[in-house]
Amino acid sequence: GLDLVEWQLRVAAGEPLPLGQSEVRFEGHAIEARVCAEDPERGFLPSAGRLALLEWPELPCVRVDAGFATGDTVPDCYDSLLGKIIAWAPERGLASARLADALASTYCAGVHTNERWLRRILRAPRFLEVRHNIALLDGEGAAEFAGSASIDPDLLIVAALAVHAPRCAGSPWDLADGFTPNLPALIASSLSWRGRSHTVEVDYLRGLPRAAIVDASARVPLAGVTCGDTLIAAQIGARRLKARYFLEGERLQLWTREEHYELVLEMKMEHAITAPYAGTVETIHFARGERVPEGSALLELARDTGN
Numbered sequence: 261g262l263d264l265v266e267w268q269l270r271v272a273a274g275e276p277l278p279l280g281q282s283e284v285r286f287e288g289h290a291i292e293a294r295v296c297a298e299d300p301e302r303g304f305l306p307s308a309g310r311l312a313l314l315e316w317p318e319l320p321c322v323r324v325d326a327g328f329a330t331g332d333t334v335p336d337c338y339d340s341l342l343g344k345i346i347a348w349a350p351e352r353g354l355a356s357a358r359l360a361d362a363l364a365s366t367y368c369a370g371v372h373t374n375e376r377w378l379r380r381i382l383r384a385p386r387f388l389e390v391r392h393n394i395a396l397l398d399g400e401g402a403a404e405f406a407g408s409a410s411i412d413p414d415l416l417i418v419a420a421l422a423v424h425a426p427r428c429a430g431s432p433w434d435l436a437d438g439f440t441p442n443l444p445a446l447i448a449s450s451l452s453w454r455g456r457s458h459t460v461e462v463d464y465l466r467g468l469p470r471a472a473i474v475d476a477s478a479r480v481p482l483a484g485v486t487c488g489d490t491l492i493a494a495q496i497g498a499r500r501l502k503a504r505y506f507l508e509g510e511r512l513q514l515w516t517r518e519e520h521y522e523l524v525l526e527m528k529m530e531h532a533i534t535a536p537y538a539g540t541v542e543t544i545h546f547a548r549g550e551r552v553p554e555g556s557a558l559l560e561l562a563r564d565t566g567n
């Protein structure tokens with residue numbers, strides 16, 4: 261590479277430029293993305309606050325010029341620029357793909373950022389085919405690059421699994437079995453996304469999640485759940501999903517390659533009802549979704565005479 265800062269100093273000292281214009285050689289394509297602390301969903305309103313997490317990508321042919329790191333505070337009275345990500349490749353399409361991958365590998369929590377919005381532009385056919393102009397983001401074009409209007413129920417299951425990630429760690433002290441390992445345990449989480457509440461119930465047996473129910477819908481089987489400190493993956497029905505997550509207090513950040521979701525933990529509850537003896541359920545006093553007054557009897561159980 262060429263040290264342009266050195267050139268500036270030499271020119272300031274009265275020296276000529278080391279290279280003439282005819283000697284400058286162009287090779288490949290480089291595209292720069294400016295990652296800013298702003299909210300694309302709210303008209304790019306600046307977002308200030310403490311950066312609970314900020315991880316920049318480390319990928320081949322990608323350069324990062326950053327002025328912020330985890331723990332820094334983004335002020336509300338200065339430029340919202342957090343850093344620049346530059347990707348190079350022999351061809352424009354490959355440079356766009358590399359930059360999109362770099363933005364998908366950028367993780368920020370604590371303030372709103374625009375990296376997933378930038379990635380959607382880089383993957384848009386109009387941009388890749390060089391059919392865009394300065395009106396790209398006007399009118400209907402702006403809606404084309406907006407984030408998801410709803411959250412995938414399967415991602416809500418991933419979020420609930422992330423909240424209870426220690427239960428997948430393998431230690432018997434972390435298992436959700438109430439020291440009754442052969443009985444199922446139902447763990448319910450109330451998660452809010454964009455002001456709308458969702459309830460996710462995960463059914464554990466011997467510490468392993470085996471099924472989930474979102475907002476009282478159909479029961480979905482779970483398998484192959486792996487939980488790490490930052491990554492989580494699961495087979496949810498016929499789909500295999502994986503995501504990066506970060507939990508601080510009551511706020512859960514969930515990243516897929518395409519989107520970044522911030523969810524608020526409204527409630528975490530464990531429902532494990534066990535019978536004191538073997539018997540037959542004769543009457544159930546409440547239906548699913550009904551409110552249960554405190555102290556009410558839920559059901560009547562007749563003891564088996566042989567036990």
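According to the working numbering, the sequence shown holds residues 261 to 567 in order.
Just so it is clear, CB atoms sit at the ideal spot from N, CA and C, and this is done for glycine as well.
Taking the Cβ atom as the reference point for each residue, do residue i and residue j lie within a distance shorter than 7 angstroms?
i	j	result
residue 449	residue 423	yes
residue 416	residue 474	yes
residue 471	residue 482	yes
residue 367	residue 515	yes
residue 591	residue 294	With the chain covering 261 to 567 only, the question about residue 591 has no answer from this structure.
residue 490	residue 504	yes
residue 360	residue 322	no
residue 291	residue 355	yes
residue 512	residue 501	no
residue 275	residue 408	no
residue 540	residue 562	yes
residue 230	residue 560	In the structure displayed, the chain extends from 261 to 567; residue 230 sits before or after that span and is not available.
In terms of DSSP beta bridges, what is residue i paired with?
i	result
residue 296	341
residue 487	492
residue 461	448 and 473
residue 306	298
residue 563	539
residue 503	492
residue 333	310
residue 247	In the structure as shown, the chain begins at 261 and stops at 567. Residue 247 is therefore absent and cannot be evaluated.
residue 456	453
residue 508	511
Taking the continuous alpha helix (DSSP H) assigned at residue i, which residues delimit it?
i	result
residue 201	Here the chain has residues from 261 to 567 only, and residue 201 is not among them.
residue 390	Here residue 390 belongs to no alpha helix (DSSP H), and DSSP marks it neither H nor E.
residue 415	413 to 423
In terms of residue numbering, what span does the beta strand (DSSP E) encompassing residue i cover?
i	result
residue 453	445 to 453
residue 325	322 to 326
Return helix, strand or coil for residue i, following the three-state DSSP convention.
i	result
residue 314	strand
residue 530	Low confidence applies to residue 530: its pLDDT is 48, below 50, so where it sits in the model is not reliable, and the reading given next is rough at best. In this structure, residue 530 counts as strand in the three-state DSSP scheme.
residue 541	strand
residue 349	strand
residue 385	helix
residue 558	coil
residue 266	helix
residue 290	strand
residue 524	strand
residue 229	A query on residue 229 cannot be resolved here, the shown segment of the chain reaching from 261 to 567 and no further.
residue 369	strand
residue 375	helix
residue 271	helix
residue 547	coil
Q) Would the segment 370 to 380 and the segment 305 to 317 be scored as touching if the rule is three or more Cβ pairs under 8 angstroms? A) yes
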